[in-house]
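Single-structure report; data block below.
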Amino acid sequence: MKLKNLNDIEFDVIVECFLAAFENYYVSFPKDKAYFKQRWEMSNIDYSLSYGMFDGNRLIGFILHGIEKREGHLTAFNLATGVIPEYRGKKITKQIYEFAVPHLKANGMTKCQLEVIKENSFAIKAYQDIGFTITKQYKCFAGEIKVDEKSDCNLKEMSLKDLNFDVISNQSLYSWENQLASVRRGNFKYYQVYYKNEPESFFIINDQNGYIPQFEVLVHNEESWRRLFSGIQKISEKIKINNIDEKLVDRIQYLKKFGLENTIDQFEMEMFL
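Residue numbers for the sequence shown follow this note's numbering, beginning at 4 and rising by one.
Listed below in C-alpha cells is the structure:
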C-alpha cells in the first residue's frame, strides 16, 4: 500500500470511496455527487493537501482537508476521514496523518481541526492517539418549526454586504462549515427580521433543503426568539441546524421549545502543529 495526495485523483473516485466508507454510518449521506462538489468547495478543500491510502491503484482510505486561515491560524480542517470496511483495523488513519503532518507543516499549517460524532468512541480514541484534544461539544437539530402564535414580524431578504457581521455575529461560536468564510461560498440566502421597524434578528438559510448555518437574535427575550422562528418558518417549516455549541444553553432551549429535536452530538477536536 502507498500514500499520496489526492491532487491527481478523479473527483468521482474520491466520492465513490467516501460513499463506501460511510455506508451504514451514524448519519446518511445523499448519493448525488453534486452535493459533495458543492459542500467540498464551500469548505475550501485543497486536494493537494488532502491524502489517500492506495492498495495498488485503488483508493481505500482518505482525509479531505479544507485549508484556510481562521482565528489567527492557517488551519487544515478535516472535513472527512474514511476507510472502506475491509481495510479497517489497520491504523490507516494514523498512517495517513503521519504522512500528512510534515506536508501540512511545510505548507504553513499551524493547526488541524475536525469534528467527530460522540458515539464514535473508536474514532475519538484514534484521533486522541494521533494528538488531537477535544475543544468543543456540539448538538445537532432537525425537525418542523412549531410556533403556536404567528408573530408580528417583518422579514427582509438582505445581501451579504448589507449585514454587518462584525457587529451581529461572533464567528468563533460557529463550526468550520457554518462560519461565514465557508457559508459565503455556498448556496444560501440572508434574512433580517424586523420588529417595529428595527432589526431584531437574522438567519442564513439554504431555502432548497432548509439548512441553517447561522442565526442570531440581537434583542434577547422570548418574543424575539419567537419572531425569529416565525420568520424562518415563512421560508421553510422543516429545517436542519448542525453544531450548536453546548455552552449556548438559551439557544438550545429555544430550538427545543419551537419544535426541533436533538438528532446527534459531536466533538470538535484540534491539534496544533
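Beta carbons are placed, not taken as given, at the ideal position from N, Cα and C, and that holds for glycine.
Please name the residue in ASP58, LYS199, ARG42 and ILE66 whose C-alpha comes closest to that of SER51. Mapped onto the sequence shown, residue 51 falls at position 48. Relative to SER51, the option among ASP58, LYS199, ARG42 and ILE66 whose CA is nearest is ILE66.
For the beta strand (DSSP E) containing VAL86, list its first residue and its last residue. Looking up residue 86 in the sequence shown gives position 83. Here the beta strand (DSSP E) through VAL86 covers 76–86.
Check whether the segment 184–200 and the segment 226–242 are in contact - that is, three or more C-beta pairs closer than 8 Å. With a cut-off of 8 Å, the segment 226–242 and the segment 184–200 count as touching, because enough Cβ pairs lie within range.
Helix, strand or coil at TYR197 [DSSP, three-state]: Walking along the sequence shown from the start, residue 197 turns up at place 194. DSSP places TYR197 in strand when its eight states are reduced to three.
At what residue ranges does the segment 143–175 contain a whole run of the beta strand (DSSP E), taking only runs of 3 or more? Positions of the beta strand (DSSP E) runs, each at least 3 residues long and wholly inside the segment 143–175, are given as 157–161 in order along the chain.
Going by Cα to Cα distance, which pick from THR78, GLN256 and LEU82 is closest to TRP43? As a working note, residue 43 is residue 40 in the sequence shown. Residue LEU82 is the option with its Cα nearest to TRP43.
Where the alpha helix (DSSP H) containing GLN41 begins and where it ends: For this step, residue 41 is matched to residue 38 along the sequence shown. Membership of GLN41 in the alpha helix (DSSP H) is indicated by the continuous run 36–45.
Which one of TYR90, ALA129, ASN123 and ASP49 has the shortest CA to CA distance from ASP268? One-based indexing of the sequence shown puts residue 268 at position 265. Closest by alpha carbon: ASN123.
Report all residues from its chain with a CB closer than 8 Å to the CB of GLN211; omit the five preceding and five following residues, and keep chain order. Position 208 of the sequence shown, counted from the start, is the residue given in the question as residue 211. Hits under 8 Å: ASN190.
May I ask you to verify whether the segment 141–148 touches the segment 253–267, counting CB pairs closer than 8 Å and requiring at least 3? The segment 141–148 vs the segment 253–267: in contact.
Excluding the five sequence neighbours on either side, which residues of its own chain have a C-beta within less than 7 Å of the C-beta of GLU219, listed in chain order? Within the sequence shown, the letter at position 216 stands for residue 219. Excluding sequence neighbours, GLU219 sits near ILE171, SER172, SER204 and PHE205.
Could you please give the first and the last residue of the uninterrupted beta strand (DSSP E) stretch that includes GLY64? Counting from one through the sequence shown, the residue named residue 64 turns up at place 61. DSSP places GLY64 in the uninterrupted beta strand (DSSP E) bounded by 61–73.
Rounded to a whole number of angstroms, what is the C-alpha to C-alpha distance between ASN157 and GLU180? Locating residue 157 in the sequence shown gives position 154, counting from the first residue. Locating residue 180 in the sequence shown gives position 177, counting from the first residue. Computed Cα separation, rounded: 28 Å.
What residue does the alpha helix (DSSP H) around ASP49 start on, and which one ends it? Counting from 1 along the sequence shown, the entry for residue 49 is found at position 46. Membership of ASP49 in any alpha helix (DSSP H) is not indicated, and neither H nor E is assigned to it by DSSP.
So ILE95 and LEU62 are in contact, right, with Cβ under 8 Å, and what is the actual spacing, rounded? Within the sequence shown, the letter at position 92 stands for residue 95. Within the sequence shown, the letter at position 59 stands for residue 62. At roughly 11 Å, the Cβ-Cβ gap does not stay under 8 Å, so ILE95 and LEU62 are not in contact.
At the level of alpha carbons, what is the spacing between MET161 and GLY85? Sequence index remark: in the sequence shown, residue 161 carries index 158 (1-based). Sequence index remark: in the sequence shown, residue 85 carries index 82 (1-based). Straight-line Cα distance between these residues: approximately 38 Å.
What ranges does the alpha helix (DSSP H) occupy inside the segment 194–264, keeping only unbroken runs of at least 4 residues that lie completely in it? Complete alpha helix (DSSP H) runs here, min 4: 225–238 and 252–260.
Nearest by alpha-carbon distance to ILE2: which of PHE270, SER46 and LEU263 is it? Any property of residue 2 remains undetermined from this structure, which presents the chain solely from 4 to 276.
What is the C-beta distance between ILE120 and TYR29, in whole angstroms, given that I count them as a contact (C-beta under 8 Å)? The residue you call residue 120 lines up with position 117 of the sequence shown. The residue you call residue 29 lines up with position 26 of the sequence shown. About 5 Å separates the CB atoms of ILE120 and TYR29; that is less than 8 Å, so the two are in contact.
My assumption, with CB atoms under 8 Å, is that SER178 sits in contact with GLU74. Please give the rounded CB distance. The residue you call residue 178 lines up with position 175 of the sequence shown. The residue you call residue 74 lines up with position 71 of the sequence shown. Wrong, their Cβ atoms sit about 12 Å apart, outside the cutoff.
So VAL119 is in the beta strand (DSSP E); what residue range does that whole segment cover? For this step, residue 119 is matched to residue 116 along the sequence shown. Membership of VAL119 in the beta strand (DSSP E) is indicated by the continuous run 114–120.
Measuring alpha carbon to alpha carbon, tell me which residue in TYR214, LEU22, LYS114 and TYR54 is nearest ASN10. For the purposes of this step, residue 10 is identified with residue 7 of the sequence shown, where counting begins at 1. Nearest Cα to ASN10 within the set TYR214, LEU22, LYS114 and TYR54: TYR54.
Do PHE102 and LEU117 have their beta-carbon atoms positioned less than 8 Å apart in this structure? Looking up residue 117 in the sequence shown gives position 114. Looking up residue 102 in the sequence shown gives position 99. Cβ atoms of LEU117 and PHE102: not closer than 8 Å.
Do LEU22 and PHE32 come within 8 Å of each other at the CB atom, strictly closer than that value? Looking up residue 32 in the sequence shown gives position 29. Looking up residue 22 in the sequence shown gives position 19. Cβ atoms of PHE32 and LEU22: closer than 8 Å.
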